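A.B. asks: So for the sequence shown, my numbering puts the first residue at 1; every next one is plus one.
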Amino acid sequence: MESYEEIYLAYNDFEADLIEDILSKNNIPYILRDQRITPYPLTIDHFPEQRFAVPLSMVERAESLISTAIEDGALPGDGTFKRDNR
């Protein structure tokens, strides 16, 4: 199995849902690690982050798709890229 790398941290469900849709439609497998504490529906700073990881061979493509969606206004861009090379 190929190694995965975290690429993006989403801080709200809306953005996370859109990223899942973008990755799925482009046949990019991903792992979503939900860091929210479900009994407490709080949003304090970056407390409820959802972390996206993709296979190493698809990191650049996935980051490019997410960046393009942000630039086009299709994605709010409230989250953070793990690598700061944009």
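Cβ atoms here follow ideal geometry from the backbone N, Cα and C, with glycine treated the same way.
Being a predicted model, the structure only gives us computed values, none of them experimental.
Whose C-beta lies closer than 8 angstroms to the C-beta of aspartate 78 among residues of the same chain, with five residues either side of it excluded?
C.D. replies: As a working note, residue 78 is residue 78 in the sequence shown. Within the same chain, aspartate 78 has close Cβ partners Ala10, Tyr11, Asn12 and Glu15.
A.B. asks: At the level of alpha carbons, what is the spacing between valine 54 and glutamate 5?
C.D. replies: For the purposes of this step, residue 54 is taken as residue 54 along the sequence shown, with counting starting at 1. For the purposes of this step, residue 5 is taken as residue 5 along the sequence shown, with counting starting at 1. Their backbone Cα atoms lie some 6 angstroms apart in a straight line.
A.B. asks: Taking just the CA atoms, how far does serine 67 sit from glutamate 60?
C.D. replies: Locating residue 60 in the sequence shown gives position 60, counting from the first residue. Locating residue 67 in the sequence shown gives position 67, counting from the first residue. One C-alpha to the other measures close to 10 angstroms.
A.B. asks: Give the straight-line distance between the Cα atoms of leucine 65 and arginine 83, rounded to the nearest whole angstrom.
C.D. replies: Residue 65 sits at position 65 when you count from the first residue of the sequence shown. Residue 83 sits at position 83 when you count from the first residue of the sequence shown. Those two C-alpha atoms are separated by around 15 angstroms.
A.B. asks: Quick one: is glycine 32 buried, meaning 16 or more other Cβ sit within 10 Å of its Cβ, or exposed?
C.D. replies: Locating residue 32 in the sequence shown gives position 32, counting from the first residue. In the sequence on display, residue 32 carries leucine and not glycine. Looking at its Cβ environment, which holds fewer than 16 other Cβ atoms inside 10 Å, leucine 32 is exposed.
A.B. asks: Answer yes or no: do glutamate 49 and glutamine 35 have a C-beta to C-beta separation smaller than 9 angstroms?
C.D. replies: Taking the sequence shown and counting its residues from 1, one reaches residue 49 at position 49. Taking the sequence shown and counting its residues from 1, one reaches residue 35 at position 35. Closer than 9 angstroms, so yes.
A.B. asks: Could you pull out every residue in the same chain whose Cβ sits closer than 7 angstroms to the Cβ of asparagine 26, ignoring the five residues on either side in sequence?
C.D. replies: What you label residue 26 is simply residue 26 of the sequence shown in a count that begins at 1. Once the five neighbours on either side are set aside, the close Cβ partners of asparagine 26 are Leu65.
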